[in-house]
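Colleague: Below you will find the structure I want to go over with you.
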Amino acid sequence: MSEAKGIGVIQINLNNSWTAQQLLLQTMAERGSRVAVLSEYNRPMGDSDHWAESLDRKCAVFAPNSSDVTLAEQGAGVGFVWVWLDDVLLYSCYCTPNCSIQEYDLFLGGLEPSIAHQQRAPVNLVVAGDFNSHSPEWGSARLNTRGSMLSDFATSLGLTVCNVGSRPTFSRVNAA
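Position 118 (the sequence shown) corresponds to 118 in UniProt numbering; numbering is contiguous.
Dropping the structure here:
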């Protein structure tokens, strides 16, 4: 395993783009990131010591071969994957914006027992990913049903939202 303190982590939705995925290694090097939390990747990028993916292959955690990080202990469900990085448990999550509210509830319902199981002992936990939800709690201009559901989910597990304030968690050229 690796020394988790000081591991730079980048989170990115690759939008199933081969080109974006090819630029990932360069971006990681430029930003000093040794681990990537990925959503909508194009194809797996490494062996099981460096790549862990969700059961539906929508999200992953990646540590390049050039990194000294090994993803030794890992697990997965539909829409999420987790890995231990020394004393930090890192989740990568993804839920499509195209699913129904009922499907979103099923996604959170699958993720919740995994996190709760891991929390039975004290754990340094990071849950990251693309939840496709909106709430002023994490900087969105408006609240939607998914945002309310995710906020309730985080509260029920004792999780703290860390991406707060005016800095956007997502930006797109020409987006409102």
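Glycine is no exception: its CB is placed at the ideal position from the N, C-alpha and C atoms.
Under the DSSP definition of a beta bridge, which residues are partnered with residue 156?
Modeller: As far as DSSP is concerned, residue 156 takes part in no beta bridge.
Colleague: Return the CA-CA distance between residue 139 and residue 161, expressed in angstroms with no decimal places.
Modeller: 10 Å
Colleague: Assuming residue 127 and residue 91 form a contact by the criterion Cβ under 8 Å, report the distance between their Cβ atoms to the nearest whole angstrom.
Modeller: With a Cβ gap of about 4 Å, residue 127 and residue 91 count as contacting.
Colleague: Going by C-alpha distance, which of 95, 78 and 51 is nearest residue 177?
Modeller: The chain is shown from 1 up to 176; residue 177 falls before or after that span and cannot be answered.
Colleague: In angstroms with no decimal places, state the Cα-to-Cα distance between residue 157 and residue 49.
Modeller: 29 Å
Colleague: Should residue 97 be flagged as near chain D, meaning a C-beta pair shorter than 8 Å?
Modeller: Given the protein chain composition of this structure (a single chain), no chain D is represented.
Colleague: Please return the same chain residues whose Cβ sits closer than 6 Å to the Cβ of residue 133, not counting the five positions on each side in sequence.
Modeller: Excluding positions up to five away in sequence, the list reads 146, 147 and 150.
Colleague: Distance, Cα to Cα, residue 7 vs residue 130?
Modeller: 20 Å
Colleague: Per DSSP, residue 13 is paired with what?
Modeller: DSSP output for residue 13 lists 39 as bridge partner(s).
Colleague: In three-state DSSP terms, what is residue 107?
Modeller: helix
Colleague: When the Cβ atoms of the region 11-19 are set against those of the region 60-79, are three or more pairs found closer than 8 Å?
Modeller: no
Colleague: CA-CA distance, residue 102 and residue 96?
Modeller: 13 Å
Colleague: So residue 88 and residue 124 are supposed to be a Cβ contact under 8 Å. How far apart are they, rounded?
Modeller: At roughly 5 Å, the Cβ-Cβ gap stays under 8 Å, so residue 88 and residue 124 are in contact.
Colleague: Return the first residue and the last residue of the alpha helix (DSSP H) that residue 21 is part of.
Modeller: 18-31
Colleague: Using only CA atoms, which one of 26, 42, 56 and 47 lies nearest to residue 107?
Modeller: 56
Colleague: Using the three-state DSSP reduction, which class does residue 53 fall into: helix, strand or coil?
Modeller: strand
Colleague: Am I right that residue 40 and residue 13 are in contact with their C-beta atoms under 8 Å? What's the rounded C-beta distance?
Modeller: Taking a contact as a CB-CB distance under 8 Å, the pair residue 40 and residue 13 counts as one, their CB atoms being some 5 Å apart.
Colleague: Flag this pair as yes or no: are the beta carbons of residue 63 and residue 34 separated by less than 8 Å?
Modeller: Result yes, Cβ atoms of residue 63 and residue 34 sit closer than 8 Å.
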